[in-house]
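Contents: one structure, followed by commentary.
Numbering (the working numbering), first residue to last: 2 to 174.
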């Protein structure tokens, strides 16, 4: 009986320690940024049980670039607040095995280059750090139309918060 009480007491102490210091441990690890081919990686802050936050540093070209896991594949996005929807380049859609046909390109859209049609898809999952969104509506551009995928407002608006501050873009979920 005495052993059971001691074990329970130690378990409670361990749980209190993790709940009190857990985020500090994750924060100190998350604040380390790695050099990734000339671009800074996002800092990941938070824990799986709490809200998660990432900070994306502005790049030398003045844009916010973020590498995200889309349906278990890496896709590099440029954050585009002028894009209403996540829009995949044709090449990224192929990488994700989204097999589209000509008659799938039936959504009429206005772009900076003029009016065109795109295909509409639903992405099972988009994840960066501890932030994961499921069932994200996206468009797929025609071949040659985009050289990079766009992270649009329909993604950003599903976050609890996004903010541009001090040369960083902050995502929070």
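Think of the CB as a built atom: it goes at the ideal place given N, C-alpha and C, for glycine as much as any other residue.
What you are looking at is a predicted structure, and each value in this text was computed from that prediction instead of being measured.
Going by beta carbons, residue 71 and residue 138 fall outside the 9 Å limit.
Cβ neighbours of residue 85 within its own chain (closer than 8 Å, five residues either side excluded): 153, 154 and 155. Within the same chain, Cβ atoms closer than 7 Å to the Cβ of residue 101 are found at 94, 120 and 141, the five residues on either side in sequence being excluded. The alpha-carbon of residue 118 is positioned some 22 Å away from that of residue 136. Distance from the Cα of residue 69 is smallest, within the candidate group 62, 60, 87 and 61, for 87. About 12 Å separates the beta carbon of residue 158 from that of residue 174, a gap too long to meet the 8 Å contact definition.
With a contact defined as Cβ atoms closer than 8 Å, residue 66 and residue 77 qualify at about 6 Å.
Spatial neighbours of residue 52 in its own chain (CB-CB distance under 8 Å, excluding positions within 5 residues in sequence) are listed in chain order as 161, 173 and 174. The three-state secondary structure of residue 133, taken from DSSP, is strand. DSSP lists no bridge partner for residue 105.
With a threshold of 16 other beta carbon atoms within 10 Å, residue 130 meets it and is buried. For residue 75, the enclosing beta strand (DSSP E) covers residues 74-80.
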